[in-house]
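Here is the structure we will look at, set down as structure tokens.
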């Protein structure tokens, strides 16, 4: 009914399976369910330059779902934070060649054209997945999705034609990590083994390879 992420030095995280649990009324005030427009956002990098374990776990879950719906075919991803989080894993786990499937961000506040796979937010309170018209959807934790959707245009270099210095001071570039991004391998395996698609031979080979060699790309 849930997955628990527990590592010394990090916050403990419990991911409830939305299909295995249900809300039960209790005494006391009812928590207001936030609107999709109010989704929170979690920074990918902490002040020390380390990747957020929330990001590592959330992307690992989404990566397992993405592989399951890819059919073993190459997937293209949009530039920016999505590429930084997923492209290296796709390069390591899926066969080389031109992309045959295409992943796009979809969700509240976005109007991007949807192709065949949409990366959408999962509501942090209800577990609901953002509905859309894509052929298949890949759910991602809302706070990570929100950052990917609305912080991908932050410039690491001054803009052309002389952006005023006071504007740049008020809008500093995002914190930069010390290392490449690594999804959490244990969360990836625990998610993948619960998906029916893992019984497909090509996906089972990926599962077994990661399980037998957990400290190779893209997980270390």
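Residue numbers (this note's numbering): 775 to 994. For glycine and all other residues, C-beta sits at the position ideal for the given N, C-alpha and C.
Buried or exposed for residue 909, please, with buried defined as at least 16 other CB atoms from any protein chain shown within 10 angstroms of its CB.
exposed
Whole-angstrom C-beta distance between residue 873 and residue 856, which should lie under 8 angstroms
Taking the Cβ atoms as the reference, residue 856 lies roughly 14 angstroms from residue 873, outside the contact range of under 8 angstroms.
How far does the alpha helix (DSSP H) with residue 916 in it extend, from its first residue to its last?
Here the alpha helix (DSSP H) through residue 916 covers 916 to 924.
Distance check for residue 799 and residue 981, CA to CA, integer angstroms please.
39 angstroms
Cβ-based burial, residue 796 [other Cβ within 10 Å; buried from 16]
exposed
Per DSSP, cross-strand counterpart(s) of residue 776
790.
Report yes if the CB atom of residue 877 is closer than 8 angstroms to the CB atom of residue 840, and no otherwise.
yes
Along the chain, which unbroken stretches of the alpha helix (DSSP H) at least 4 residues long are found entirely within the segment 823 to 874?
The segment 823 to 874 contains these whole alpha helix (DSSP H) runs: 827 to 844, 855 to 867.
Exposure label - residue 913; buried when at least 16 CB within 10 Å
buried
Nonlocal neighbours in the same chain, by C-beta distance under 8 angstroms from residue 978, ignoring five residues either side
972
Burial state of residue 832 (16 or more Cβ within 10 Å):
With at least 16 other beta carbons inside 10 angstroms of its own, residue 832 counts as buried.
Please classify residue 967 as buried or exposed, where buried requires at least 16 neighbouring CB atoms within 10 angstroms.
Its Cβ having fewer than 16 others within 10 Å, residue 967 is exposed.
So the beta strand (DSSP E) residue 972 belongs to, where does it begin and stop?
Per DSSP, residue 972 lies in no beta strand (DSSP E) and is assigned neither H nor E.
Which of the three DSSP states, helix, strand or coil, is assigned to residue 980?
helix
Determine the extent of the beta strand (DSSP E) in which residue 893 is found, giving its start and end residues.
Taken as a continuous stretch (DSSP letters only), the beta strand (DSSP E) holding residue 893 covers 891 to 896.
Evaluate residue 830 with the Cβ neighbour count: other Cβ atoms within 10 Å of its Cβ, from every protein chain shown; 16 or more gives buried, anything less gives exposed.
buried
Check whether the segment 890 to 906 touches the segment 917 to 927, counting contact only when three or more Cβ pairs, one atom from each stretch, lie closer than 8 angstroms.
yes
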